[in-house]
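If you're matching them up, the sequences are chains A and B in order. Our numbering numbers the first residue of the first sequence as 94 and each following residue consecutively. Our numbering numbers the first residue of the second sequence as 94 and each following residue consecutively. Here a beta-carbon is modelled for each residue, glycine too, at the ideal position from N, C-alpha and C. Computed from a predicted model, the values in this text were never measured in an experiment. Heads up: the structure comes next, in structure tokens.
There are 2 protein chains.
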Amino acid sequence: MSRNEFSCDCNVIHQNVVDNVLKKMPNEDTFNKLADLFKLIGDTTRCRILFALDQSEMCVCDLANVLNMTKSSISHQLAVLRRSGVVRCRKSGKEVYYTLDDEHIVKLFEIGLEHINHKG
Amino acid sequence: MSRNEFSCDCNVIHQNVVDNVLKKMPNEDTFNKLADLFKLIGDTTRCRILFALDQSEMCVCDLANVLNMTKSSISHQLAVLRRSGVVRCRKSGKEVYYTLDDEHIVKLFEIGLEHINHKG
DNA sequence: TTGACAAATGAATATCTGTTCAACTATAAT
DNA sequence: ATTATAGTTGAACAGATATTCATTTGTCAA
Chain A
94 MSRNEFSCDC NVIHQNVVDN VLKKMPNEDT FNKLADLFKL IGDTTRCRIL FALDQSEMCV
154 CDLANVLNMT KSSISHQLAV LRRSGVVRCR KSGKEVYYTL DDEHIVKLFE IGLEHINHKG
Chain B
94 MSRNEFSCDC NVIHQNVVDN VLKKMPNEDT FNKLADLFKL IGDTTRCRIL FALDQSEMCV
154 CDLANVLNMT KSSISHQLAV LRRSGVVRCR KSGKEVYYTL DDEHIVKLFE IGLEHINHKG
């Protein structure tokens, strides 16, 4: 009957509360996607890359200079961001130019900054 | 002159772009705080805890049942959330009741979900 | 064609982080 | 007092992840 097999090591104390919350909770897949989204921008390097790209389209070398990091590590992170569909790239000669491909991220940044300035 | 000592392994390709972006970029401390905030909600378990607490105040046992996890792991995560000031607790008898202490987080969830439903 | 440079990539390393396990505290009930 | 339960905590472990290093690809210039 209970959806808890053996993972939970205690009995329910407030059954009605638990049932009510369970009814309203999104499914596991939704939480995984949501957490993945925040994990994506929950890294200083990627935060800075996205902020930089929000200001201007840039090639990997430019980004490496702005962030003061190696091209390789930037490239690795750009690959992550590309796979997640938040940045797009365009090749021109030897250089590869990156741009933001998702405006939701900027919105999240704005609220995040608001939160930070509001608290400590 | 350049703020890049030896960390960056390439020369600037578009100096004006780099300079412009550098001027607009927030400082390192801001990025760390921002990334920490997103890291905090960038975990499935913590996401689910916060969602649950947004529905109703709950004790650790209730949460353990809702998430189908051990009390210990829930308690560890609650400690993280407490330290970051997003949840608050209230003791009553043997039980400890947790509530949300930050409405910004819920806002972030909303935009995150919007993004997820919009994309895949 | 050769050399130089931008970028990507795979493997290895180091670090970080979530869960488990065991021990402990505190409160309530018998 | 003793027992049971709610919750916390620290250490250990396992899995994830960011950076480094070495190598490779592709493009431009000489």
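- At least one CB atom of chain B sits nearer than 8 Å to the CB of residue 106 of chain A.
- For residue 212 of chain B, there is no enclosing beta strand (DSSP E), as DSSP marks it with neither H nor E.
- Per DSSP, residue 153 of chain B is one residue of the alpha helix (DSSP H) stretching across 153 to 160.
- Given a length threshold of 3 residues, each whole run of the beta strand (DSSP E) inside the segment 162 to 205 of chain B is given here in chain order: 180 to 185, 188 to 193.
- Counting only residues of its own chain and dropping the five nearest sequence neighbours on each side, residue 172 of chain A has no CB closer than 6 Å to any other CB.
- Per DSSP, residue 114 of chain B is one residue of the alpha helix (DSSP H) stretching across 108 to 117.
- Between the beta-carbon of residue 118 of chain A and that of residue 144 of chain B there is about 6 Å, and that keeps the pair under the 8 Å contact cut.
- Neighbours of residue 137 of chain A in chain B, taken as residues at a C-beta separation under 7 Å, are given in chain order as 124, 125, 128.
- Between residue 153 of chain A and residue 177 of chain A, the gap from beta carbon to beta carbon reaches 8 Å or more.
- In the three-state DSSP reduction, residue 129 of chain A falls in the helix class (H, G or I).
- Apart from sequence neighbours up to five positions away, the residues of its chain that approach residue 111 of chain B with a beta-carbon distance below 6 Å are 105, ordered along the chain.
- For residue 101 of chain B, no alpha helix (DSSP H) segment is defined, and its DSSP state is neither H nor E.
- Straight-line measurement puts the Cα of residue 191 of chain A at about 21 Å from the Cα of residue 208 of chain B.
- Residues of the segment 140 to 151 of chain B whose Cβ lies closer than 7 Å to any Cβ of chain A, in chain order: 140, 141, 144, 145, 148, 149, 151.
- Taking every protein chain shown into account, the CB of residue 179 of chain B has 16 or more other CB atoms within 10 angstroms, so this residue is buried.
- Look at residue 136 of chain A here: in three-state DSSP terms it is coil, with no helix or strand label.
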